[in-house]
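Chemist: Numbering (my numbering), first residue to last: 1016 to 1252.
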């Protein structure tokens, strides 16, 4: 799966600089790899200048890249694999949280992730991330044990507390352009069903709402097992 990312990477750069084909490459009749040849970027420095992780959640221009930067499509890196001891989960960057949660729910597990089902895993994690579980476990990025990263040189490395720790810290909230993250190893924990809902109120009760919000988040009522999204919305109608 990782090879397909590198092929896509090279082909993207090649649209600007041209590409080189390896004439030695062949494909068996039953191979799952296509095409038979692979591409090699002739100008690697182009990739080192403009790397990004892409999740397509934020709709405005410039939110997930730099101007004239290269955007890499990681849509095939969407695996969700739970460890044998059920304490960690490997998440591909192309996942939306609805896919992650649906697979973990079936096993009575969860992990710190997005509060909206359609948000992408890669962008949220590298951007920091707030979760319904944040009162207990902190930001989403705090729960990443290890990143698998493709560097600008093409080298594949692990970034964690003991290997490439500076890169590990930078990726936990530093967002894009440090490399292409191809896997997130995250903490997993037991989790059953929980209550949720939505309440809409008018501005007439704003002061009462704010007091209730303060009471909800303050001592002695603070509950690390509870979470709240509070938003003020202007309705032009």
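Note that the Cβ used here is the ideal one computed from N, Cα and C, for glycine as well. Predicted, not measured: the structure shown is a model, and the values here were computed from it.
Just checking, does the stretch 1150–1161 make contact with the stretch 1243–1250 on the three C-beta pairs under 8 Å criterion?
Modeler: Touching, no, given that fewer than three Cβ pairs across the two stretches are closer than 8 Å.
Chemist: Apart from the five residues just before and just after residue 1179, which ones in its own chain have a Cβ nearer than 6 Å to its Cβ?
Modeler: So the list reads 1172, once near-sequence residues are dropped.
Chemist: Quick one: Cα of residue 1170 to Cα of residue 1244, how far?
Modeler: Distance between the alpha carbons of residue 1170 and residue 1244 is about 40 Å.
Chemist: Could you check the C-alpha separation between residue 1195 and residue 1165 for me, to the nearest Å?
Modeler: Near 5 Å, if we compare the C-alpha coordinates of residue 1165 and residue 1195.
Chemist: For the candidate residues 1218, 1121 and 1190, whose alpha-carbon lies nearest to that of residue 1101?
Modeler: The shortest C-alpha separation from residue 1101 is found at 1121.
Chemist: Specify, as a first and last residue, the run of the beta strand (DSSP E) that residue 1264 falls within.
Modeler: With the chain running from 1016 to 1252 in the structure shown, residue 1264 is simply not present.
Chemist: Relative to the alpha-carbon of residue 1145, which residue among 1129, 1097, 1198 and 1137 has its alpha-carbon at the smallest distance?
Modeler: The option with the nearest alpha carbon to residue 1145 is 1129.
Chemist: Quick check for students: name the residue ranges of the beta strand (DSSP E) that lie wholly in the stretch 1095–1122, counting only runs of 3 or more.
Modeler: The qualifying runs are 1095–1097 and 1103–1106.
Chemist: Taking residue 1084 as the reference, which of 1099, 1192 and 1156 has the closest Cα?
Modeler: Out of 1099, 1192 and 1156, 1192 has the C-alpha closest to the C-alpha of residue 1084.
Chemist: Assuming residue 1186 contacts residue 1141 (C-beta within less than 8 Å), just tell me the rounded distance between them.
Modeler: Right, the Cβ-Cβ distance comes to about 6 Å (below 8 Å), so this counts as a contact.
Chemist: Out of curiosity, what's the CA-to-CA distance linking residue 1088 and residue 1231?
Modeler: Between residue 1088 and residue 1231, the C-alpha separation is close to 41 Å.
Chemist: Would you mind sorting residue 1235 into buried or exposed? The rule is 16 or more other CB atoms within 10 Å of its CB.
Modeler: So residue 1235 ends up on the exposed side.
Chemist: Would you mind giving the Cβ-Cβ distance between residue 1136 and residue 1199, rounded to the nearest angstrom? I have them listed as a contact below 8 Å.
Modeler: Sure, about 7 Å apart at Cβ, within 8 Å.
Chemist: Under the DSSP definition of a beta bridge, which residues are partnered with residue 1200?
Modeler: For residue 1200, which the question treats as bridged, DSSP gives the partners 1105 and 1161.
Chemist: By DSSP, does residue 1135 sit in helix, in strand, or in coil?
Modeler: Three-state DSSP puts residue 1135 in a strand.
Chemist: Pop quiz: residue 1213 and residue 1151 are said to be a contact at Cβ under 8 Å. What is the actual Cβ separation, rounded to whole angstroms?
Modeler: Their Cβ separation, rounded to whole angstroms, is 22 Å, which puts residue 1213 and residue 1151 out of contact at 8 Å.
Chemist: Nearest to residue 1090 by alpha carbon, out of 1168, 1138, 1167 and 1123?
Modeler: Closest option to residue 1090, Cα to Cα, is 1138.
Chemist: Could you check what DSSP says for residue 1093 in three-state terms: helix, strand or coil?
Modeler: Coil, per DSSP.
Chemist: Leaving out five residues on either side along the sequence, give the residues of the same chain with a beta carbon under 7 Å from the beta carbon of residue 1224.
Modeler: Excluding residues within five positions, the ones whose Cβ falls inside 7 Å are 1216.
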